[in-house]
Every structure is written in structure tokens, then in C-alpha cells.
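Peer 1:
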Amino acid sequence: MKSSFRWYGESDPVTLADIRQIPGMRSIVSAVYDVPPGEVWPVERLERMAGLCEENGLVFDIVESIPVTEDIKLGGPERDRHIENYCENIRRCAGAGVKCVTYNFMPVFDWTRTQLDKVGTDGSKSLVMYWDQLKDLDPLREDIHLPGWDSSYTQEQVRGLIRAYGELGEEGLWENISCFLKRVIPVAEEQGVIMALHPDDPPYPIFGLPRVITCEKNLDRYLSIVDSPSNSLCLCTGSLGCSRENDIPALVRKYSAMGRIGFMHLRNVKILPDGSFEECGHWSGAGSLDMNAIVKALVDTGFEGWFRPDHGRDIWGEGGRPGYGLFDRALGTAYINGLIEANGGRLER
Ligand SMILES: [Mn+2]
9 MKSSFRWYGE SDPVTLADIR QIPGMRSIVS AVYDVPPGEV WPVERLERMA GLCEENGLVF
69 DIVESIPVTE DIKLGGPERD RHIENYCENI RRCAGAGVKC VTYNFMPVFD WTRTQLDKVG
129 TDGSKSLVMY WDQLKDLDPL REDIHLPGWD SSYTQEQVRG LIRAYGELGE EGLWENISCF
189 LKRVIPVAEE QGVIMALHPD DPPYPIFGLP RVITCEKNLD RYLSIVDSPS NSLCLCTGSL
249 GCSRENDIPA LVRKYSAMGR IGFMHLRNVK ILPDGSFEEC GHWSGAGSLD MNAIVKALVD
309 TGFEGWFRPD HGRDIWGEGG RPGYGLFDRA LGTAYINGLI EANGGRLER
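In the working numbering, each number is its position in the sequence shown, counted from 1, plus 8.
1) Would you list the residues sitting across from Lys81 in a DSSP beta bridge?
2) Do you know offhand how far Arg100's Cα is from Pro330's?
3) For Glu224 and Met266, I'd like the C-alpha separation in whole angstroms.
4) Please confirm whether any heavy atom of ligand 1 lies closer than 6 Å to the CB of His273.
5) Can you determine whether any heavy atom of ligand 1 sits closer than 6 Å to the C-beta of Ser19, and answer yes or no?
6) Go ahead and label Pro147 buried or exposed: buried means 16 or more other beta carbons lie within 10 angstroms of its beta carbon, across all protein chains shown.
7) Just reading off the alpha helix (DSSP H) that Trp139 is part of, what are its end residues?
8) From Asn226 to Thr309, what does the alpha carbon distance come to, in whole angstroms?
9) Between which residues of its own chain and Arg252 is the CB-CB distance below 7 Å, once the five residues before and five after are set aside?
10) Tell me whether Cys108, by its Cβ, gets closer than 6 Å to a heavy atom of ligand 3.
11) Would you grab the beta carbon distance between Gly320 and Arg337 for me? Rounded to a whole angstrom, and I think it's under 8 Å.
12) Where Gly83 and Gly325 are concerned, what is the direct C-alpha to C-alpha distance, given to the nearest angstrom?
13) What does a CB cutoff of less than 8 Å around Val166 pick up in its chain, not counting 5 residues either side in sequence?
14) Is the beta carbon of Asp140 closer than 7 Å to that of Gly246?
15) Can His90 and Thr77 be called in contact, C-beta distance under 7 Å?
See the structure below:
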């Protein structure tokens with residue numbers, strides 16, 4: 009399998025020179041982050057990214073994410089143009105050497121947390137979601153600001169979107185997913201690109217918004233819409249794993265054996281008695297997931313795709329981008345490398 013690391017480009021305080029010193033590191037996961045969703049990425053930007061990675065002994069062959077616009081998810085007036093541009097972005101990424109593209113289908117907001125710098129008993133800081141901080145919030149009645157949410161929307165736009173998704177409902181969202189996949193996957197196939205769907209984080213509805221990428225039954229449904237190795241998963245252990253209903257090692261074993269995992273996000277999460285959760289260090293002993301059983305499932309099934317240490321804590325006073333500092337993610341990689349080696353697996357260089 010291929011070890012990778014998310015990098016936010018030249019403004020990221022973590023440098024490629026730092027990343028290349030992590031043992032076994034191979035690939036950079038990145039994107040063009042400053043072009044609005046739905047628009048086309050300039051080829052020069054992708055080529056520059058590939059060149060910078062190469063200069064640092066790394067490979068730019070995986071993208072996270074090409075965003076799926078609200079018009080695509082809602083079936084809005086700009087859907088066709090946005091899907092055309094999406095396909096063009098896949099072609100452009102492939103032209104720059106990209107082999108895998110991550111994306112998600114979460115309505116309005118990506119991941120949801122109530123705090124990004126919760127200090128743990130050991131003094132490290134991490135992202136958490138506490139139900140008691142969320143339960144009384146109603147974005148239809150009041151202005152709310154949760155950390156990490158897209159500030160490009162006004163509160164009124166957020167309310168409009170929430171109402172629109174309420175009318176669309178889960179089956180409407182499935183129809184729009186189907187329309188997207190039937191147009192995008194053939195282009196990915198032709199370009200030799202694996203599309204890797206990231207699950208909803210957390211995997212249940214928030215504020216009544218439909219969220220469907222949540223569980224085995226729905227992952228099966230998603231993969232069956234277009235039965236192709238290019239229609240694959242980015243199996244994020246921490247996102248699916250904050251619901252106790254999801255047996256993560258079993259899901260990894262099943263979808264990897266089917267050849268339908270392109271990318272693995274490996275991180276641990278600690279589920280609290282009321283269903284709230286805290287992100288934690290990668291080590292199994294720190295959280296609710298059996299990380300060795302997950303890595304063993306990958307090794308046993310001959311997984312050849314990419315993995316990255318997903319979010320890390322903020323440790324040793326690093327003060328980096330929440331979830332994306334260097335130190336704890338590097339520790340995560342070293343730990344995962346150990347699990348791979350102990351299970352007889354191999355890192356591709
Ligand atoms: Mn993830």
C-alpha cells in the first residue's frame with residue numbers, strides 16, 4: 009500500500025521537506041483549494057504541485073477533494089455545467105499524474121465538530137463533538153457558528169439550503185447521486201482514475217439534513233449504482249467509526265476484498281457514553297477502534313491503494329491547522345507502518 013500525507017499547498021505551515029522525512033512516505037494528497045467549487049482548476053496549478061512534490065522526492069498522485077457543489081447535490085440549475093467542469097477537473101488531474109480523487113456527498117457542511125481545541129488529560133488538543141453543545145441549536149431559528157463550517161455562506165443562505173434539502177429528502181439525494189455517478193465514473197474510467205467517496209462525518213443526520221453515506225447498507229447501494237473499480241470508497245475509519253453500529257474492521261475487510269477501496273483514512277476516535285466523540289491519538293489504546301484489526305484486514309486482502317493518517321491531535325505546542333499539524337500525524341504514520349510490517353504487509357515506494 010502507499011503511504012500518503014495531506015498537504016494544503018504552499019501556505020501550509022507543514023512543508024514538503026518536513027513530510028519527506030516521515031519514514032516510508034510516498035504520496036502527497038492535495039487539491040487546488042482557492043478555485044470556487046464548480047469551476048475548473050488551472051492546469052498550471054496542478055503541474056506546479058506535481059513539480060514541487062517531485063523536487064522533494066514525493067509523488068502528487070491523489071487529490072482531496074474535488075468538491076461536489078450544492079447544485080449537483082440538490083439537482084439545481086447549475087448542475088449540468090458543474091458536472092461538466094467536474095469531469096474536466098478529473099481529466100486535468102489525470103493529466104498531472106493523479107490516480108485517485110477523493111470527494112464527499114455531505115449536504116451544506118462537511119465534518120461537524122463543536123470544538124477544535126479541547127484539551128485532553130495529557131495536555132494535547134483535539135477536535136470533539138459533544139451532543140450537549142449541539143442539541144439545542146437550530147439553524148432555522150437562529151444564527152449559529154460551528155467551528156470549521158464554510159463561512160462563505162450567509163446565515164440566510166444556510167437556512168435556504170437546509171430547507172431545500174428538507175424538501176429533497178434522502179431519496180431525492182440518492183437520485184442526484186445517481187445522476188452524478190453515471191456521468192462522472194465513465195470519465196474517471198477512461199482517465200484511469202479511481203473516485204474515492206468519503207463517508208459523512210459523523211455518519212448520521214445533523215439539523216435534519218439528509219446524510220446517506222453512513223452505513224454498510226448505504227455504501228453497498230452507492231457502489232452498486234455504477235459497478236466499476238473507479239467507483240470506490242475513501243474508507244475513513246474515524247468518520248464511520250463514531251457510530252457504534254459500524255464494525256470498521258469488518259467493513260474494511262469486505263470492501264477491500266471487493267477491490268472497492270481506493271483510499272484509507274486511518275485514525276482512531278473515542279465514542280463517549282452519550283454518543284458524543286473525541287478525536288484521539290491513532291493508537292488503539294487511545295480510542296474505540298481496533299487499529300490493528302483494521303490494518304490486518306487491509307494486509308490480508310492485499311490492499312494496494314493509498315492510506316493517510318487522518319486527523320492528528322495538536323501536541324508539543326505545535327499550534328498547527330486543527331487536525332492537520334505535522335507531529336501527531338507523523339506519529340500516526342509511524343504507528344501504522346509498524347502495524348503493516350507486523351502483519352506482513354508492504355509499503356510501495
Ligand atoms: Mn477522513
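All C-beta atoms, glycine included, are put in the ideal place defined by N, C-alpha and C.
If you're wondering where the values come from, they're calculated on a predicted model, not measured in any experiment.
Peer 2: Reading from the atomic positions:
1) Start at 1 with the first residue of the sequence shown, and residue 81 comes out as number 73. DSSP output for Lys81 lists no bridge partner at all.
2) The residue you call residue 100 lines up with position 92 of the sequence shown. The residue you call residue 330 lines up with position 322 of the sequence shown. Between Arg100 and Pro330, the C-alpha separation is close to 30 Å.
3) Here residue 224 refers to the residue found at position 216 of the sequence shown. Here residue 266 refers to the residue found at position 258 of the sequence shown. Going from the Cα of Glu224 to the Cα of Met266 covers about 14 Å.
4) Position 265 of the sequence shown, counted from the first residue, corresponds to residue 273. In this structure, ligand 1 has a non-hydrogen atom nearer than 6 Å to the beta-carbon of His273.
5) Numbered from its first residue, the sequence shown carries residue 19 at position 11. Here the distance from the Cβ of Ser19 to the nearest heavy atom of ligand 1 is not below 6 Å.
6) Position 139 of the sequence shown, counted from the first residue, corresponds to residue 147. Flag for Pro147 reads buried.
7) In the sequence shown, counting from the first residue as 1, residue 139 sits at position 131. Note, Trp139: alpha helix (DSSP H), Trp139 to Leu142.
8) On the sequence shown, position 218 is the one that residue 226 refers to. On the sequence shown, position 301 is the one that residue 309 refers to. Whole-angstrom Cα-Cα distance: 22 Å.
9) For this step, residue 252 is matched to residue 244 along the sequence shown. Result list for Arg252: Ile279, in chain order.
10) Of the ligands this structure carries, namely ligand 1, none is ligand 3.
11) Position 312 of the sequence shown, counted from the start, is the residue given in the question as residue 320. Position 329 of the sequence shown, counted from the start, is the residue given in the question as residue 337. Going by Cβ atoms, the distance from Gly320 to Arg337 rounds to 4 Å, so yes, they are a contact pair.
12) Mapped onto the sequence shown, residue 83 falls at position 75. Mapped onto the sequence shown, residue 325 falls at position 317. In a straight line, the C-alpha of Gly83 is about 45 Å away from that of Gly325.
13) Taking the sequence shown and counting its residues from 1, one reaches residue 166 at position 158. Closer than 8 Å at the Cβ level, and outside the excluded window around Val166, lie Val116 and Pro147.
14) The residue labelled residue 246 in the question sits at position 238 within the sequence shown. The residue labelled residue 140 in the question sits at position 132 within the sequence shown. Cβ distance not < 7 Å, so Gly246 and Asp140 don't count as in contact.
15) On the sequence shown, position 82 is the one that residue 90 refers to. On the sequence shown, position 69 is the one that residue 77 refers to. Yes, these two residues count as a Cβ contact at 7 Å.
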